[in-house]
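Asker: Just so we're aligned: 36 in the UniProt record's numbering is position 36 of the sequence shown, and the numbers increase by one with no gaps anywhere.
Glycine included, C-beta positions come from ideal geometry on N, C-alpha and C.
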Amino acid sequence: MLNVDDISARYGRVPALNGVSLQVNPGELLAIVGPNGAGKTTLAKCIAGFVTPTHGTISLDGQRISNQRPDKLVRNGVRLVLEGHRVFPELTVHENLRLGRLALSDAAQFPQRLEDVLDLFPILRERLRQPARELSGGQQQLLALAQAFIGEPQLLMCDEPSLGVAQRLIPEILTALRRMAERGTRVIVIEQVLTPPLSIADQVIVLNRGTVIARGTPGDFPRERLQELFLGTTSDG
Ligand SMILES: Nc1ncnc2c1ncn2[C@@H]1O[C@H](COP(=O)(O)OP(=O)(O)OP(=O)(O)O)[C@@H](O)[C@H]1O
Ligand SMILES: [Mg+2]
Numbered sequence: 001m002l003n004v005d006d007i008s009a010r011y012g013r014v015p016a017l018n019g020v021s022l023q024v025n026p027g028e029l030l031a032i033v034g035p036n037g038a039g040k041t042t043l044a045k046c047i048a049g050f051v052t053p054t055h056g057t058i059s060l061d062g063q064r065i066s067n068q069r070p071d072k073l074v075r076n077g078v079r080l081v082l083e084g085h086r087v088f089p090e091l092t093v094h095e096n097l098r099l100g101r102l103a104l105s106d107a108a109q110f111p112q113r114l115e116d117v118l119d120l121f122p123i124l125r126e127r128l129r130q131p132a133r134e135l136s137g138g139q140q141q142l143l144a145l146a147q148a149f150i151g152e153p154q155l156l157m158c159d160e161p162s163l164g165v166a167q168r169l170i171p172e173i174l175t176a177l178r179r180m181a182e183r184g185t186r187v188i189v190i191e192q193v194l195t196p197p198l199s200i201a202d203q204v205i206v207l208n209r210g211t212v213i214a215r216g217t218p219g220d221f222p223r224e225r226l227q228e229l230f231l232g233t234t235s236d237g
């Protein structure tokens, strides 16, 4: 499993994370929610190797990864899809997906992986030859996820997948994330707003000011409790 144990991180003198722990098993989907500046992106960047924790350890299947560089982590199956749409607009959908094969241990697997991924994202199959810039924001987000998924990640993290995406396309993105988890990938979804990712999550962590202020299953977070947690986090700011 992914085991994040008591990590802290800071940017110079600015503390960003303070003693955060979490676990994600293969096939599980964890939602991390919290307000602006809570440390959600920093947490994902620590796991992906872009930020070095000042304290604590991160391990994947028993192997310590908190001292590894981002490129090594990609080869070990850790993928982070950052907020915004990380696709190459002038490349076609197919060309963008081909970039995902670089993460495969055996590039000969690419045609089969492409078929699997297009089954998961049928909308992309219809648009394989189009430049990515012609896709909507939501479709570009799906393409970024598909590209990451082609490399058979052990852990796929997605930072604010609903950002800049039309409301009606959000369920499609969440369904795709859920299906990736069902195929055995560990999935972490980060959002500021609470409701959408909760419906698909196995576990939920609420982060504020660098610490975990609540954790549980979606059932533990009825709307009133979320409001209370979120109001509590903004009113004392
Ligand atoms: N590159 C940076 N340099 C300095 N401080 C930073 C940097 N990135 C983030 N911070 C600070 O670290 C803290 C956590 O930020 P982070 O971006 O992880 O929060 P977040 O939960 O992802 O917020 P948002 O919902 O706005 O994306 C904040 O106080 C932020 O101002
Ligand atoms: Mg963020």
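Output the distance between the C-alpha atoms of residue 286 and P70, rounded to the nearest integer angstrom.
Answerer: Residue 286 lies beyond the range of the chain shown here (1 to 237); nothing can be said about it.
Asker: Using 7 Å as the cut-off, classify the Cβ of N18 as near or not near the heavy atoms of ligand 1, replying yes or no.
Answerer: Flag unset: Cβ of N18 not near ligand 1.
Asker: Could you give the first and the last residue of the continuous alpha helix (DSSP H) run that contains R178?
Answerer: From DSSP, the alpha helix (DSSP H) with R178 extends over 170 to 182.
Asker: For R215, name the three-state secondary structure that DSSP assigns.
Answerer: R215: strand per DSSP, three-state reduction.
Asker: Could you compute how far the alpha carbon of D106 sits from the alpha carbon of A31?
Answerer: The alpha-carbon atoms of D106 and A31 are separated by roughly 31 Å.
Asker: With a threshold of 16 other CB atoms inside 10 Å of the CB of D159, please say whether the residue is buried or exposed.
Answerer: Burial call: buried.
Asker: With a cut-off of 8 Å, do at least 3 Cβ pairs link the region 130 to 146 to the region 80 to 93?
Answerer: They touch, by the three-pair rule.
Asker: Would the beta-carbon of T42 fall within 8 Å of that of A16?
Answerer: In this structure, A16 lies closer than 8 Å to T42 by Cβ.
Asker: When burial is assigned at 16 or more other CB atoms within 10 Å of the CB, is K40 buried or exposed?
Answerer: So K40 ends up on the buried side.
Asker: Pick from E224, G37, L198, R209: whose alpha carbon is nearest that of Q216?
Answerer: The sequence given here has Gly at residue 216, not Gln. Closest by alpha carbon: L198.
Asker: If we call anything under 8 Å between Cβ atoms a contact, is V78 one with L155?
Answerer: For V78 and L155, yes; Cβs fall inside 8 Å.
Asker: Which residue wins for smallest C-alpha separation from L91, given the options R133, G151, R178?
Answerer: When each option's Cα is compared against that of L91, the closest is R133.
Asker: Does N208 pass the burial test, meaning 16 or more other C-beta atoms within 10 Å, or should it be called exposed?
Answerer: That one is buried.
Asker: On the criterion of 16 or more Cβ atoms from any shown chain inside 10 Å, does K72 qualify as buried, or is it exposed?
Answerer: Its Cβ having fewer than 16 others within 10 Å, K72 is exposed.
Asker: Can you tell me which of T57, V24, M180, D220 puts its alpha carbon nearest to the alpha carbon of D5?
Answerer: That would be T57, whose Cα lies nearest to the Cα of D5.
Asker: Using the rule of at least 16 other Cβ atoms within 10 Å of the residue's Cβ for burial, across every protein chain shown, is D236 buried or exposed?
Answerer: Unreliable placement is indicated for D236, whose pLDDT of 45 sits below 50; the coordinate value is still reported in the next sentence. Exposed, because fewer than 16 other Cβ atoms sit within 10 Å of the Cβ of D236.
Asker: Any chance the CB of V14 is under 7 Å from a heavy atom of ligand 1?
Answerer: True, at least one ligand heavy atom lies under 7 Å from that Cβ.
Asker: The alpha helix (DSSP H) spanning G138 covers which residue range?
Answerer: Where G138 is concerned, the enclosing alpha helix (DSSP H) stretches over 137 to 150.
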